[in-house]
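Residue numbers (the working numbering): 13 to 177.
Glycine included, each C-beta is placed from N, C-alpha and C at the ideal position.
Notes to accompany the following structure.
Right, here's the structure in full:
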């Protein structure tokens, strides 16, 4: 169990640099710092605003990422451990995403399941009711499975501002 904790990925988010920093403890007592930025280099995406890790997977939210012409629709980058480093990320977006949804405000991952919050998502006529999106991984590829919304949701509920598994 102690060895598992030594190899647990810890992450810090730095909004001002738009970069996610990961610290990995290997063969204590020293720590190795790795700076990671979005591969597409999108400016002002708030990359690193939300982070999560599970085993050999890390997830980085970029809630202000512009998708096409949709400002602040949001995106999530999912990285898989490859050897001593991290592979190229799979970028995920909401299949029904709109401007200002802020998909990626909150992220949670456990094994082959990922949940992403989009608290500003409009549901019906309810602005900012919010939603959470569930993705699963099969053969190394993350695929959308289901959108979750509150049954009794109302405008400004911000469902998805925090998520967990």
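- Residue 63 is bridged by DSSP to 72.
- Between residue 88 and residue 119, the C-beta gap is smaller than 8 Å, which places the two residues in contact.
- Relative to the Cα of residue 104, the nearest Cα in the group 112, 77, 95 belongs to 77.
- Put simply, the backbone Cα of residue 121 is about 12 Å away from that of residue 73.
- Residue environment: residue 58 is assigned as buried (16 or more neighbouring CB atoms within 10 Å of its CB, all protein chains considered).
- Measuring C-alpha to C-alpha distances from residue 65 to each of 126, 166, 134 identifies 126 as the nearest.
- Between residue 67 and residue 117, the alpha-carbon positions lie close to 22 Å from each other.
- Three or more Cβ pairs closer than 8 Å define a contact, and the region 141-149 meets that threshold against the region 157-166.
- In the three-state reduction of the DSSP assignment, residue 57 falls in the coil class, being assigned neither a helical nor a strand state.
- Under the three-state reduction of DSSP, residue 166 is assigned to coil, being neither helix nor strand.
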